[in-house]
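The working numbering puts the first residue of the sequence shown at 8, with every later residue one more than the last. Note that the Cβ used here is the ideal one computed from N, Cα and C, for glycine as well. Down below is the structure, laid out as C-alpha cells.
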Amino acid sequence: MNEYVEDIEAMGYRVLGISPADPASHAQYIEANNLGMEILSDINGELGVELGFIDEEAQMITRGFAAVNPNTNAMLVEIDYLVGENSDTILNELEELANE
C-alpha cells in the first residue's frame with residue numbers, strides 16, 4: 008500500500024495508519040520499512056473498536072481501512088484482510104467516495 012500513498016493523497020485524502028502499538032514502535036517501523044505515512048497510536052483500542060477493526064469479545068484485531076470525503080462527510084469503512092494486496096480495489100473505492 009505504501010507505493011500508493013501519493014496516488015491516494017492526489018485524490019485529496021490524507022493517509023494515516025492506526026495501530027495499538029506505542030509511538031516509539033511506530034517510529035521504528037516507519038524507519039525500517041521506509042513508510043510514507045504517519046502512524047497514530049490507538050493504545051486503548053477505542054478507535055479500532057468504534058470502526059469495527061477490533062472485536063473485544065473475540066480478542067481479535069483485523070486489518071482494514073476507513074476513508075472520509077471531507078466535502079460530504081461520506082464515510083467508507085472496510086474490514087479487509089487483503090489491505091496492501093488489493094490496492095487497485097481500494098483505489099477504485101476511494102475514487103468512488105471522492106465523487107460522492
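Could you spell out where the alpha helix (DSSP H) holding I15 opens and where it closes? V12 to A17
**Prompt:** In its own chain, which residues sit with a C-beta less than 7 Å from the C-beta of L101, not counting the 5 before and 5 after it?
**Reply:** I15, M18, Y20 and A74
message: Considering only DSSP beta bridges, list what M67 is partnered with.
response: Listed as beta-bridge partners of M67 by DSSP are D62.
Subject >> Rounded distance between the beta-carbons of L83 and L47, thought under 8 Å >> reply: About 18 Å separates the two Cβ atoms, so there is no contact after all.
Does the beta-carbon of I97 have 16 or more other beta-carbons within 10 angstroms, so that it is buried, or is it exposed? buried
- Task: Classify E45 as helix, strand or coil using the three-state DSSP reduction.
- Result: strand
Would you grab the beta carbon distance between I25 and G55 for me? Rounded to a whole angstrom, and I think it's under 8 Å. 7 Å between Cβ atoms; contact.
Could you tell me which of A105, N41 and V12 sits nearest to N80, measuring between CA atoms?
Among A105, N41 and V12, the Cα nearest to that of N80 is on A105.
ask   = For A28, which three-state DSSP category applies?
value = coil
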